[in-house]
Amino acid sequence: MIYEGKQKIWSEYQKDIPDDHYFYVRSCIRQSFFPASEKVFLDIARNKLGKDFFETEHHTTCGGIAYHSDAIPQETSMTIIARQFALMHKYGYQNYVCSCITSFGLYTETLETWREFPELEARIKENLWKSCKLEFAKPKYLAHASDLIYKFRNQIASQAKFKLIEKKTGRPLRVVEHIGCHYAKMFPSKGFGGAEYPYVLAGMIEAWGGEVIDYPERRHCCGFGFRQYLVKSNRGYSLSNTHKKFESMEPYKPDMIITNCPGCPYFLDRWQYVISEIEGKTYGENGHGIPVFTYEEVAGLVLGYDPWDLGLQVHQVSVEPLLDKMGVPYDPQMKYKGKNNKDIGRPELPTCACL
Amino acid sequence: MVIGGGPCGLEASAQLHKMGYNVILIEKEKQLGGHLAKWDRLFPEGIPAREVLDTLIERINGVKCFTETEVVSINLLDKEYNVILSNGITVLSKAVLMTSGFDLFPAEKKEEYGYGIYDRVITNADLENYFASKNDARIVENPKRIGFVHCVGSRDEKAGNRHCSKVCCATAVKQACEIKELFPDAEVFCFYMDLRMFGRGYEDMYLKAQRDYGIRFIRGRVSEVSETLDRQVVVKAEDTLSGKPLKVTLDLLVLMAGMQNSQAGIKVGNKIGMRRSEDGFFTTKGSILSLQECDKAGIFYAGACTGPKTLPDTLNEARAAAISVHNYFYNTEI
Amino acid sequence: MDFGFSLSPSSRIDLDLFDREKFRQLTELEPDVLKCMACGSCTATCTAGKFAKNSLRSAILYLQNGQSAQALEYLKPCMLCGKCFMVCPRGINTRHLILSILKIYGDAK
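Chains as they are written, first to last, in the working numbering: chain R, 1 to 355; chain W, 1001 to 1334; chain Z, 2001 to 2109.
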C-alpha cells in the first residue's frame, strides 16, 4: 500500500462545507438501532464544540427506504424532501445536515436531478404547494453528519479522554472502516476522499490514534442492500455478503469496526450472531465477535462519555473487550439498567458471541 | 515547422528535408523519440525500439532541430505562420505540421485499479521500462501469477475515452509473452473485452501466446482491484464466456493504459484554434481523402494526434503528410 | 437454529484454488487445447448438442477454470462423430482432444 497515493486521491476529493449553523435531520431507523448516536452527535456539536445545530420535531423520514424498495416513486420522495427543505428555510437555515447515509444519497440525488432537469424541480415546487402550502429553498450546503465529525476530528482529538490505542501496550487499534454505499458511490465528488478510497472515517481513525485496515472486500456492501434483507427469501444474500466481508477482514485481526450508515453497523453487528449460530464461527478474539460502532459512538467514547449512555448495551456483539483495550471505565452492573434504573432486559441467547 | 520530435516528426522531417524543404523540428523534451525512446521492443516481431529510433534519427541528418523547446505563440501573418519559440527564436513558416502524438492515459484515474496505491500494480509503460532496465521495485523476484488488464482508459466513457486505443491489445499480447520468457513458471492472464488483432502478423502472435506461452485469455473487464495482507493484488472480473464472476490473486498486475491526445499538442492547437473531435483528437479536414490536412490552410497533421495509431501507421502518415505539404507548396506557388 | 434463510453458496470461479496439475498434463499430451479461441463452431455444429448438454468449447473453458466435473458433464453425450473437427478454425484435433480429456480427467466425478 502506497500511502502517498491515497493522500493524493484524498486531496482531490475535498468538499467545501461550513463548520457552523446547521439544520439537523434525524434518520428514521437509527434511533431504534443505535438509540443514543444522534443525541450524542448534537451534544458533541453543541456542548463540546459550541456550534449551532438546530432540529425540529416537524421533520419526517426522507422516504429513502420506500424509494429504494420501489414502494414510492421518485417524485414522492422528492416532494417529501422539498418539505424538509421548506422547514430548513422557515427556521432561517441554509446548511442542511442529515444523520442518515441513505438520506444523504437521496438528497444529493434529488439536488443533482433538479440541476439536470429544472422542470422537475418546478413540478415538485407545485406538488409541495398543493399538498402542504409550503415553499422551499434549496440548501446552500449539504452535509452528512459524519462529514462534520470528520471536519472536527482534530478538535475532538484535542479534547480526547481516550484514544483508539490499546492502553496496556500502546498499540494502535486495528480499525475497519465501512462507508455506506450511498455516501459517495453514486456521486464520488460529494464525499470526503471520493468513492474508492473514502477518507471520512479513515481521517477520524487516524486523528484518534487508530490504524486503518484496508482489506480486499473493503468496498463490498455490508449486506443491508434494501431488497436483500427486506424480502425474507432474499435475506440469505444479505447474510452472505456480510459473511464475505468478515471472511476477508479476518486475517487482519480487527479490534473494531466503524461505520457511517444506519444499515451497515446494524447488519455487521447482528449478522455476526446469525453467522455464529449457523456456521459456529466468530471473528473476534476469544470466541467474541468484532464490536461494531457508529462514528458518533466512537467520538463519544473518545470524548469520555459513559458507554451505557452511548447505548452500547443494545449492540449484539458485546463491546466490553474493546472498552477494556481502550481503558474506558464502565460499570457492568449498570449495563442493562435503563433510565431511572429500570431493567431493560437481556439477550436471550447467550450461545452467541455476546458475553 | 514540424511540432513534435517523436517517430512521426522525425520521419516527416527527414522526408521533407530530402524533398529540399527547409525544415525546423521542435521537441519539448531533452531527447528525441517520444514514447518510442521509452519502449523496449516492438510488436509483432519484437524488433528493438532503439534500433528503429536510431535509424529514424540518422535520417534527419541536416534538419534543424531544437530540443527542450516549446511553442510560445503562433499567428497567421498574411500567408505565413509566425511562430515564437521558448528558446527565443522566431520562425516564419509557410506550413506547420503537427506531429504532437499522444499521451498515455493516466492510469491512476481509474481509481478502482489502484495504480499508485497498491504496490504491485504497474502500467504497460512501466513494464517496457522494466524490460529495458530490469529494475522496478514493484516486480517481485519470482512472480507466480501475472495479470494484464486491456482497455485501461479506453472504451470507457467513465474515464472520458470512448475510443479504442488500437495498439494496447497487441502490446498486451507481446508483453505477456515477454514476461513469460522472463518468468517461465508464472501463470499469465489477459483480461480483455475484444481482442483486436487487426495487423499483419498479430493473429500469429496471439496464437503463439496461447499455444507456445500458455497465456490464458479471459474475456471480461476487471471491475476492481484490492490488496491482500501479503501485498498481492486481488482482481475481480466476470468470465463472460461462462457467465460467472471470477477472482484471482496476482503478484503483478499490468494496466494497458490507452492513448489520448497529448496535452502539449492540445496547448499548441488551442493557440491557433485547431478543432478537436469528441474523442479529444484533432479533427482532420476529411476522414478518408484528406487525413493529413487541417481545415486551416497551411496546417497539417500526422500520427497519433488525430487518433490512436500503430508505429507503421504513424510512419506512413508522416510520409503522406510530407507529400501533402509538398503539394500545398507546389499549388500555392502556381 | 432455523432463521428461514442461510448463507448462499458462492458461484464464483476462484482461480487461486484449483489444482493445475491435471491441466498441465493435458497440455503436455494435447498442446492444441490452448489454441481454442472460444468461437463456438464446435458447439454450433455438434450433432448431440442440440439434444443434450454437449459443448467442447464449454468443456475447455471449465477445465481452464479448474471445474473438471462440469467439463465432463459437457462431454458426456459426445458420440465422437468428429464433426467439430471439420469446423474448428484453429485445426484442433477435437476427437483426439476429447479422448485425452477423458484419459486424464476420467476419474473425476
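Cβ coordinates follow ideal geometry from the N, Cα and C atoms, glycine included.
With a cut-off of 7 Å, does the C-beta of residue 350(R) fall near any C-beta of chain W?
Here residue 350(R) refers to the residue found at position 350 of the first sequence. Reliability fails at residue 350(R), whose pLDDT of 46 lies under 50, so the model's placement of it is uncertain and the value that follows must be treated cautiously. No, residue 350(R) lies away from the interface with chain W (no Cβ there is under 7 Å from its Cβ).
Please confirm whether residue 2108(Z) has its beta-carbon closer than 7 Å to some beta-carbon of chain W.
Here residue 2108(Z) corresponds to residue number 108 of the third sequence, with the count starting at 1. Confidence in residue 2108(Z) is poor, its pLDDT being 48 and thus under 50, which makes the residue's placement unreliable; the coordinate value appears in the next sentence. Not closer than 7 Å to any Cβ of chain W, the Cβ of residue 2108(Z) fails to qualify, so no.
Per DSSP, which residues does residue 1065(W) bridge with? Please list them.
Against the second sequence, residue 1065(W) aligns to sequence position 65. According to DSSP, residue 1065(W) bridges with 1025(W).
Of all the residues that make up the stretch 217-247 of chain R, which are near chain Z by a beta-carbon distance shorter than 7 Å?
Per Cβ criterion, the list reads 232, 235, 236, 237, 239, 240, 243.
At what residue ranges does the stretch 1263-1313 of chain W contain a whole run of the alpha helix (DSSP H), taking only runs of 4 or more?
The qualifying runs are 1263-1272.
Of all the options 239(R), 343(R), 217(R), 168(R), which has the alpha carbon lying nearest to the alpha carbon of residue 227(R)?
By one-based count along the first sequence, residue 227(R) stands at place 227. Minimum Cα-Cα distance from residue 227(R) among the listed residues 239(R), 343(R), 217(R), 168(R) corresponds to 239(R).
Give the C-beta separation of residue 1345(W) and residue 1152(W) to the nearest angstrom, bearing in mind that I take them to be a contact with Cβ-Cβ under 8 Å.
Any answer about residue 1345(W) is impossible in this case: the structure gives chain W only from 1001 up to 1334.
Can you grab the Cα-Cα spacing for the pair residue 2068(Z) / residue 2104(Z), in whole Å?
Along the third sequence, one-based indexing puts residue 2068(Z) at 68. Along the third sequence, one-based indexing puts residue 2104(Z) at 104. Each residue's Cα considered, the two are about 10 Å apart.
Residue 22(R) - DSSP class collapsed to helix/strand/coil
In the first sequence, the residue the question calls residue 22(R) occupies position 22. If DSSP states are grouped into helix, strand and coil, residue 22(R) belongs with the strands.
Leaving aside the five residues before and after residue 79(R) along the sequence, list all residues of the same chain whose C-beta is less than 8 Å from its C-beta, in chain order.
One-based indexing of the first sequence puts residue 79(R) at position 79. Excluding sequence neighbours, residue 79(R) sits near 124, 127, 128, 131.
Along the chain, which unbroken stretches of the alpha helix (DSSP H) at least 4 residues long are found entirely within the stretch 1145-1233 of chain W?
Note on the stretch 1145-1233 of chain W: whole alpha helix (DSSP H) runs with a minimum of 4 residues are 1168-1182, 1202-1211, in chain order.
CB contact below 7 Å: residue 2015(Z) versus chain R
Residue numbering aside, residue 2015(Z) sits at position 15 when the third sequence is read from its first letter. At a cut-off of 7 Å between beta carbons, residue 2015(Z) makes no contact with chain R.
Could you give the DSSP three-state label for residue 1055(W): helix, strand or coil?
Within the second sequence, numbered from 1, the residue matching residue 1055(W) stands at position 55. Helix.
Extent of the continuous alpha helix (DSSP H) run through residue 393(R):
This structure gives no information on residue 393(R), because the portion of chain R shown stretches from 1 to 355.
Which partner residues of residue 1082(W) appear in the DSSP bridge assignment?
On the second sequence, position 82 is the one that residue 1082(W) refers to. In DSSP, residue 1082(W) forms a bridge with 1075(W), 1092(W).
Would the stretch 1007-1016 of chain W count as touching the stretch 1311-1321 of chain W if we require 3 or more Cβ pairs under 8 Å?
Result yes; three or more Cβ-Cβ pairs closer than 8 Å.
Give me the subset of the stretch 2004-2033 of chain Z whose CB atoms are less than 8 Å from a CB atom of chain B, sorted by chain position.
Of the protein chains in the structure, R, W and Z, none is chain B.
DSSP-derived helix/strand/coil call for residue 2022(Z):
Against the third sequence, residue 2022(Z) aligns to sequence position 22. Residue 2022(Z): helix per DSSP, three-state reduction.
By the 7 Å beta-carbon criterion, what residues does the stretch 263-277 of chain R contribute toward chain Z?
Cβ contacts with chain Z: 274, 277.
Under the three-state reduction of DSSP, which class applies to residue 196(R): helix, strand or coil?
If you number the first sequence from 1, residue 196(R) lands on position 196. Note: residue 196(R) maps to coil in three-state DSSP.
Can you list the residues of chain Z that residue 1214(W) reaches, using a CB-CB cut of under 8 Å?
Position 214 of the second sequence, counted from the start, is the residue given in the question as residue 1214(W). Taking the beta carbon of residue 1214(W) as reference, the chain Z residues within 8 Å of it are 2027, 2034, listed in sequence order.
Cβ neighbour criterion (16 or more within 10 Å) applied to residue 85(R)
Position 85 of the first sequence, counting from 1, holds the residue named residue 85(R). Residue 85(R) is buried by the Cβ-count criterion.
From the DSSP output, in three-state form, read off residue 137(R) for me.
As a working mapping, residue 137(R) is identified with position 137 in the first sequence. Here DSSP, grouped into helix, strand and coil, assigns residue 137(R) to coil.
Just grab the DSSP bridge partners of residue 259(R) for me.
As a position in the first sequence, residue 259(R) is number 259, starting the count at 1. BP columns for residue 259(R) point to 178(R), 294(R).
Coil, strand or helix - residue 275(R) by DSSP:
Counting from 1 along the first sequence, the entry for residue 275(R) is found at position 275. When DSSP states are grouped into helix, strand and coil, residue 275(R) belongs to the helix group.
Helix, strand or coil at residue 2054(Z) according to DSSP, with G and I counted as helix
By 1-based counting over the third sequence, the position of residue 2054(Z) is 54. In this structure, DSSP gives residue 2054(Z) a state outside helix and strand, which the three-state scheme calls coil.
Range covered by the alpha helix (DSSP H) that runs through residue 1016(W):
The residue you call residue 1016(W) lines up with position 16 of the second sequence. Per DSSP, residue 1016(W) is one residue of the alpha helix (DSSP H) stretching across 1007-1018.
Ordered along the chain, which non-local residues of its own chain (more than five positions away) have a Cβ less than 8 Å from that of residue 241(R)?
For the purposes of this step, residue 241(R) is taken as the residue at position 241 of the first sequence. Same-chain partners within the cutoff: 220, 221, 222, 223, 225, 228.
List in chain order: all unbroken beta strand (DSSP E) runs of 3+ residues lying wholly within the stretch 59-115 of chain R.
List check, beta strand (DSSP E) in window: 95-98.
Look at the alpha carbon of residue 205(R) and the alpha carbon of residue 7(R), and state the distance between them as a whole number of angstroms.
Locating residue 205(R) in the first sequence gives position 205, where the first residue counts as 1. Locating residue 7(R) in the first sequence gives position 7, where the first residue counts as 1. About 15 Å.
Against chain R, does residue 1228(W) count as a neighbour if the rule is that its beta carbon must be under 7 Å from one of theirs?
Residue 1228(W) sits at position 228 when you count from the first residue of the second sequence. Against chain R, the CB of residue 1228(W) has a partner CB under 7 Å away; the residue lies at that interface.
Rounded to whole angstroms, what is the Cα-Cα separation between residue 198(R) and residue 179(R)?
For this step, residue 198(R) is matched to residue 198 along the first sequence. For this step, residue 179(R) is matched to residue 179 along the first sequence. Between residue 198(R) and residue 179(R), the C-alpha separation is close to 7 Å.
Can you list the residues of chain R that residue 2079(Z) reaches, using a CB-CB cut of under 8 Å?
Stepping through the third sequence from its first residue, residue 2079(Z) is reached at position 79. For residue 2079(Z), no chain R residue has a Cβ inside 8 Å of its Cβ, as the nearest lies near 41 Å away.
Does residue 210(R) get closer than 7 Å to chain W when you measure Cβ to Cβ?
For the purposes of this step, residue 210(R) is identified with residue 210 of the first sequence, where counting begins at 1. The beta carbon of residue 210(R) sits no closer than 7 Å to any beta carbon of chain W.
Along the beta strand (DSSP E) that carries residue 1253(W), what are the first and last residues, could you check?
Along the second sequence, read from residue 1 onward, the residue named residue 1253(W) stands at position 253. Segment 1252-1257, the beta strand (DSSP E) holding residue 1253(W).
Counting only beta-carbon separations shorter than 7 Å, does residue 1139(W) have a partner in chain R?
Within the second sequence, numbered from 1, the residue matching residue 1139(W) stands at position 139. False, the Cβ-Cβ gap to chain R never drops below 7 Å.
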